[in-house]
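Novice:
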Amino acid sequence: MVSASTASRVWTSKRSSSPDQTAISTTLKKHGIARSISKLGLASRTIAADWVRAGRLAVNGRLVLDPEFPVVIDRDQLTLDGKPLVAAEKRYLMLNKPRGLVTTTTDEKGRDTVYRCFDAAGLPWLAPVGRLDKASEGLLLFSNDPEWAARITDPVTGPDKTYHVQINAQPDAELLHRLVAGINSEDGRLAAKSAQLIRSGEKNAWLEIVLDEGRNRHIRRLLEAHGIGVLRLIRTAIGPLQLGTLAKGQWRWLAEHEYR
24 MVSASTASRV WTSKRSSSPD QTAISTTLKK HGIARSISKL GLASRTIAAD WVRAGRLAVN
84 GRLVLDPEFP VVIDRDQLTL DGKPLVAAEK RYLMLNKPRG LVTTTTDEKG RDTVYRCFDA
144 AGLPWLAPVG RLDKASEGLL LFSNDPEWAA RITDPVTGPD KTYHVQINAQ PDAELLHRLV
204 AGINSEDGRL AAKSAQLIRS GEKNAWLEIV LDEGRNRHIR RLLEAHGIGV LRLIRTAIGP
264 LQLGTLAKGQ WRWLAEHEYR
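Counting with our numbering, you get residues 24 to 283 for the letters of the sequence shown.
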């Protein structure tokens, strides 16, 4: 709660002719304060917005209660509980996501999230770079560098993603061809960049499927369109980054050459 003594020093997004309101140049306003904090790599936009609404954030010495209040990161002074906010050191890690965890910071349904894998690790705030659905496993990246994350997840220029997929069928060459040819869906075309057989058993088989873009449940929907069910789906690579021998539920920092 904001005290009476500070109420007169509170900024919101409402505009007035007050000199205090015009202290931030309109020509330099770029991002809302919550988004700016996220860009500094300090917290998610949701967490930052909660800080703002709780009266914990100030801009140039004045409290701000609107998460969309515009600021310029490299000029305005932002403080949290009176302490200056500075950009966090950029960090990058990979996790071998186990099946059954949702890729989110918190879950409204109370389900376990991928952050359970970081319990007691004392990590700085890191956001998932892309996502894997609850039933999927494998390589999941995390970072507090939003520009790097945007490059990884860009649907046009981002790196290919490689998956090993166990299916409940014996694939033939025609099926592999159809997976690459693709299908039309409500949200666009679903297709694999490549699909090949890894190995097969009596009742199931493993495929390697490469995507150069990823839609929601892309591989599962593509296979379901051909009457094939997915038994397991494991992401093994994102561009040159390989899951390798990283154990399920374990994580490691990326080396500099891996994220440059």
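Ideal Cβ placement from N, Cα and C applies to all residues, glycine included.
Bear in mind the structure is a predicted one, so any value in this text is a computation, not a measurement.
Less than 8 angstroms separating the beta-carbons of ARG283 and LEU155?
Specialist: Within the sequence shown, residue 283 is the residue found at index 260, counting from 1. Within the sequence shown, residue 155 is the residue found at index 132, counting from 1. Going by C-beta atoms, ARG283 is not nearer than 8 angstroms to LEU155.
Novice: Would you check if the distance between the CB atom of LEU213 and the CB atom of LEU245 is smaller than 8 angstroms?
Specialist: Reading the sequence shown from its first residue, position 190 is the one you call residue 213. Reading the sequence shown from its first residue, position 222 is the one you call residue 245. The answer is yes: Cβ separation under 8 angstroms.
Novice: Can you tell me the Cα-Cα spacing of GLY252 and LEU164, whole angstroms?
Specialist: For the purposes of this step, residue 252 is identified with residue 229 of the sequence shown, where counting begins at 1. For the purposes of this step, residue 164 is identified with residue 141 of the sequence shown, where counting begins at 1. Approximately 26 angstroms between the Cα atoms of the pair.
Novice: For LYS271, name the three-state secondary structure that DSSP assigns.
Specialist: Taking the sequence shown and counting its residues from 1, one reaches residue 271 at position 248. In the structure shown, LYS271 sits in coil (DSSP, three-state: anything other than H, G, I, E or B).
Novice: How close, in whole Å, do the beta carbons of ARG114 and LEU149 come, if the pair is a contact with beta carbons under 8 angstroms?
Specialist: Residue 114 sits at position 91 when you count from the first residue of the sequence shown. Residue 149 sits at position 126 when you count from the first residue of the sequence shown. About 6 angstroms separates the two Cβ atoms, so the contact holds.
Novice: Take every Cβ of the segment 58-71, pair it with every Cβ of the segment 91-105, and state whether three or more of those distances are shorter than 8 angstroms.
Specialist: Taking 8 angstroms as the limit for Cβ pairs, the verdict is that the segment 91-105 does touch the segment 58-71.
Novice: Is the beta carbon of VAL233 closer than 8 angstroms to that of THR185?
Specialist: Looking up residue 185 in the sequence shown gives position 162. Looking up residue 233 in the sequence shown gives position 210. Yes, Cβ-Cβ distance for THR185 and VAL233 is below 8 angstroms.
Novice: What residues in its chain sit with their C-beta under 8 angstroms from that of GLU236, if we drop five residues either side in the sequence?
Specialist: Counting from one through the sequence shown, the residue named residue 236 turns up at place 213. The residues are PRO178, VAL179 and GLY181.
Novice: Can you give me the Cβ contacts of ARG240 inside the same chain, cut-off strictly under 8 angstroms, excluding the 5 residues immediately before and after it?
Specialist: Along the sequence shown, one-based indexing puts residue 240 at 217. Same-chain partners within the cutoff: ASP156.
Novice: How long is the line joining the alpha carbons of ALA144 and PRO194, rounded to whole angstroms?
Specialist: In the sequence shown, the residue the question calls residue 144 occupies position 121. In the sequence shown, the residue the question calls residue 194 occupies position 171. Taking the straight line from one Cα to the other gives about 43 angstroms.
Novice: Are the CB atoms of PRO90 and GLY55 nearer to each other than 8 angstroms?
Specialist: Residue numbering aside, residue 90 sits at position 67 when the sequence shown is read from its first letter. Residue numbering aside, residue 55 sits at position 32 when the sequence shown is read from its first letter. Contact flag set, yes.
Novice: Please return the same chain residues whose Cβ sits closer than 7 angstroms to the Cβ of GLY267, not counting the five positions on each side in sequence.
Specialist: For the purposes of this step, residue 267 is taken as the residue at position 244 of the sequence shown. Counting only Cβ-Cβ distances below 7 angstroms, and skipping sequence neighbours, we find nothing.
Novice: For the putative contact between ILE96 and LEU63, defined by C-beta atoms under 8 angstroms, what is the C-beta separation to the nearest angstrom?
Specialist: Translated into positions along the sequence shown, residue 96 becomes position 73. Translated into positions along the sequence shown, residue 63 becomes position 40. The Cβ separation is near 7 angstroms, so the contact holds.
Novice: Might you give, ordered along the chain, the residues of its own chain that have their beta carbon closer than 6 angstroms to the beta carbon of VAL94, omitting 5 neighbours on each side?
Specialist: As a position in the sequence shown, residue 94 is number 71, starting the count at 1. Excluding residues within five positions, the ones whose Cβ falls inside 6 angstroms are ILE56, SER59 and VAL82.
Novice: Applying the 10 Å Cβ sphere with the 16-neighbour rule, what's the burial state of THR69?
Specialist: Mapped onto the sequence shown, residue 69 falls at position 46. It counts as exposed.
Novice: Nearest CA to the CA of ALA223: which residue from LYS216, HIS187, ARG201 and SER217?
Specialist: Residue 223 sits at position 200 when you count from the first residue of the sequence shown. The residue asked about is misnamed: residue 223 is Ser in this sequence, not Ala. When only C-alpha atoms are compared, the closest one is HIS187.
Novice: Let's see if you can read the secondary structure: which residues bound the alpha helix (DSSP H) around PRO151?
Specialist: Against the sequence shown, residue 151 aligns to sequence position 128. First-last for PRO151: 150-152, but that is the beta strand (DSSP E), not the alpha helix (DSSP H).
Novice: Out of TRP171, SER159, ALA192 and TRP74, state which residue places its alpha-carbon closest to the alpha-carbon of ILE272.
Specialist: Here the question's residue 272 lines up with position 249 in the sequence shown. The identity of residue 272 in the sequence shown is Gly, whereas the question assumes Ile. For GLY272, the nearest C-alpha among the options comes from SER159.
Novice: Under a Cβ-count criterion, where at least 16 other Cβ atoms within 10 Å of its own Cβ denotes burial, should ASN207 be classed as buried or exposed?
Specialist: Taking the sequence shown and counting its residues from 1, one reaches residue 207 at position 184. Exposed, since its Cβ has fewer than 16 Cβ neighbours within 10 Å.
Novice: LYS157 by DSSP, collapsed to three states: which one?
Specialist: On the sequence shown, position 134 is the one that residue 157 refers to. Coil, per DSSP.
Novice: Would you kindly report the start and end of the unbroken alpha helix (DSSP H) that includes GLU170?
Specialist: Here residue 170 is taken as the residue at index 147 of the sequence shown, counted from 1. Unbroken alpha helix (DSSP H) run through GLU170: 169-176.
Novice: Per DSSP, what are the beta-bridge partners of TYR115 in this structure?
Specialist: By 1-based counting over the sequence shown, the position of residue 115 is 92. Note: TYR115 sits in a beta bridge opposite SER166.
Novice: Apart from the five residues on each side of it in sequence, which residues of its chain come closer than 6 angstroms, Cβ to Cβ, to ALA192?
Specialist: Locating residue 192 in the sequence shown gives position 169, where the first residue counts as 1. So the qualifying residues of the chain are ILE251.
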